[in-house]
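In this text, residue positions in the sequence shown follow our numbering: the first is 3, and each later residue adds one.
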Amino acid sequence: MFRFTLVKKDKKTKARLGFFETLHGKVETPIFMPVGTAGSVKTVTPDELKDVGAQIILGNTYHLHLRPGEDVVNHFGGLHKFIRWDRPILTDSGGFQVFSLAELKNITEEGVTFRSHLDGHKIFLTPEKSIEIQSKLGSDIMMVLDECVPYPCEKEYVKKSIKLTTRWAKRCKEAKKNQWQALFGIVQGGVYEDLRKQSAEEIVEIGFDGYAIGGLSVGEENRLMYDITDFTTDYLPEDRPRYLMGVGTPEDILECVSRGVDMFDCVMPTRNARNGLLFTSYGKLHIKREQWKLSDKPIDENCNCYTCKNFSRGYLRHLFKAGEILALRLNTIHNLHFYISLVKDIRNAIRKECFEEFKKEKLEMFKIGGD
Ligand SMILES: Cc1ccc(CCc2c3nc[nH]c3cc3c(=O)[nH]c(N)nc23)cc1
Ligand SMILES: [Zn+2]
Numbered sequence: 003m004f005r006f007t008l009v010k011k012d013k014k015t016k017a018r019l020g021f022f023e024t025l026h027g028k029v030e031t032p033i034f035m036p037v038g039t040a041g042s043v044k045t046v047t048p049d050e051l052k053d054v055g056a057q058i059i060l061g062n063t064y065h066l067h068l069r070p071g072e073d074v075v076n077h078f079g080g081l082h083k084f085i086r087w088d089r090p091i092l093t094d095s096g097g098f099q100v101f102s103l104a105e106l107k108n109i110t111e112e113g114v115t116f117r118s119h120l121d122g123h124k125i126f127l128t129p130e131k132s133i134e135i136q137s138k139l140g141s142d143i144m145m146v147l148d149e150c151v152p153y154p155c156e157k158e159y160v161k162k163s164i165k166l167t168t169r170w171a172k173r174c175k176e177a178k179k180n181q182w183q184a185l186f187g188i189v190q191g192g193v194y195e196d197l198r199k200q201s202a203e204e205i206v207e208i209g210f211d212g213y214a215i216g217g218l219s220v221g222e223e224n225r226l227m228y229d230i231t232d233f234t235t236d237y238l239p240e241d242r243p244r245y246l247m248g249v250g251t252p253e254d255i256l257e258c259v260s261r262g263v264d265m266f267d268c269v270m271p272t273r274n275a276r277n278g279l280l281f282t283s284y285g286k287l288h289i290k291r292e293q294w295k296l297s298d299k300p301i302d303e304n305c306n307c308y309t310c311k312n313f314s315r316g317y318l319r320h321l322f323k324a325g326e327i328l329a330l331r332l333n334t335i336h337n338l339h340f341y342i343s344l345v346k347d348i349r350n351a352i353r354k355e356c357f358e359e360f361k362k363e364k365l366e367m368f369k370i371g372g373d
């Protein structure tokens with residue numbers, strides 16, 4: 003069960019306001035999706051995720067297959083019941099994680115063989131296997147198994163790779179049959195516009211509930227990521243959501259919304275939080291710095307999250323320096339709230355037809371610097 007509704011198109015940019023409906027509820031777009039790789043968004047509870055306004059979270063086929071295994075999750079009635087999250091969940095197919103995490107991998111027509119990064123045992127992931135795992139996890143949105151080529155990557159290899167990715171996408175759609183879960187296609191093609199066009203046309207031809215732009219946020223310069231995104235969205239149907247995988251910083255999200263992207267995921271808010279790097283309206287702030295030792299100010303005076311309503315920078319710095327686990331939790335709550343509030347404000351700006359001014363103002367403020 004899946005349906006996307008386009009509510010409004012910005013007049014000056016390619017920004018869009020919309021929402022999609024799933025079995026587990028509605029998600030407004032543009033949206034930021036917190037990453038919960040192994041069945042938890044690190045350090046926070048489902049209730050805290052709801053408090054910061056999370057509407058959908060991500061899970062991962064690769065990690066959950068390795069541990070605890072999809073049969074264990076299925077035993078508990080699927081991922082929603084297992085992790086106590088009753089809103090939508092999107093799972094990645096495992097392809098990207100194989101290419102970025104696993105030792106020794108071998109890609110053939112049939113699928114990809116790799117060794118687990120946990121205990122080294124051999125695993126053979128095929129399009130059919132990936133769909134089987136995601137079905138047992140019971141995610142609302144499944145991703146096709148694709149090959150995310152590295153950056154840089156020579157054009158001849160990318161040319162062959164997108165053909166494989168298209169054949170795997172077809173096999174995923176066939177393997178899904180008439181299951182209730184939505185299935186998103188993934189467009190590849192590296193940084194080559196002609197290959198991006200070819201991949202987009204082939205994936206759209208197969209037909210999916212939504213379309214992801216893959217193969218970016220893999221080390222290429224931001225300008226290149228923006229250009230490829232801008233080029234690719236023109237080849238995706240208007241009446242389906244567009245998901246730019248792995249993106250990005252607050253600036254990236256503003257820039258890519260204006261280039262026609264609806265869905266984002268990134269480990270940045272959660273990973274940076276655990277490293278003491280906090281997002282504020284004026285840019286990033288390093289909480290461990292000496293200068294915050296006696297500061298009684300909140301992280302961000304424009305923020306009304308639990309952390310900013312209750313704690314000073316001085317206390318948060320102390321917790322972080324002391325290695326207190328509470329530091330990781332309070333920092334994560336703030337950073338997630340920052341990202342989720344940013345996309346909420348983006349939605350409101352598109353609704354009020356002032357997105358371009360909003361984007362310019364935000365980008366200026368981010369440059370001021372939080373430290
Ligand atoms: C839990 C979870 C974590 C991460 C992701 C997205 C992971 C991700 C990328 N991240 C950065 N760039 C990325 C590119 C691709 C890609 O081309 N294909 C796929 N399947 N995933 C990607 C999805 C789910
Ligand atoms: Zn806050």
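Glycine is no exception: its CB is placed at the ideal position from the N, C-alpha and C atoms.
Is any heavy atom of ligand 1 found at a distance shorter than 7 Å from the C-beta of residue 254? no
Residue 274 to residue 280 span [Cα, whole Å]: 7 Å
DSSP bridge partner residues for residue 221 (one or two, in chain order): Bridge partners of residue 221: none, in fact.
Can the beta-carbon of residue 289 be found less than 8 Å from the beta-carbon of residue 309? no
Identify the continuous beta strand (DSSP E) that holds residue 213 and give its terminal residues. 212–215
Which residue's Cα is closest to the Cα of residue 189: 84, 179, 172, 182? 172
In three-state terms, what does DSSP make of residue 125? strand
Closer than 6 Å to ligand 2: residues, by C-beta to nearest heavy atom, in chain order: 301, 302, 305, 307, 309, 310, 336, 339
Count the other CB atoms, across all protein chains shown, that sit within 10 Å of the CB of residue 94; report buried if there are 16 or more and exposed otherwise. buried
Using only the alpha-carbon positions, how far apart do residue 4 and residue 27 sit? 10 Å
Given a cut-off of 8 Å on the beta-carbon distance, is the pair residue 365 and residue 246 in contact? no
Hey, is the region 133–148 in contact with the region 80–93, meaning 3+ C-beta pairs nearer than 8 Å? yes
Anyone know if the C-beta pair for residue 338 and residue 48 falls short of 8 Å? no
Three or more C-beta pairs closer than 8 Å, one from the region 222–231 and one from the region 251–267: is that the case here? yes
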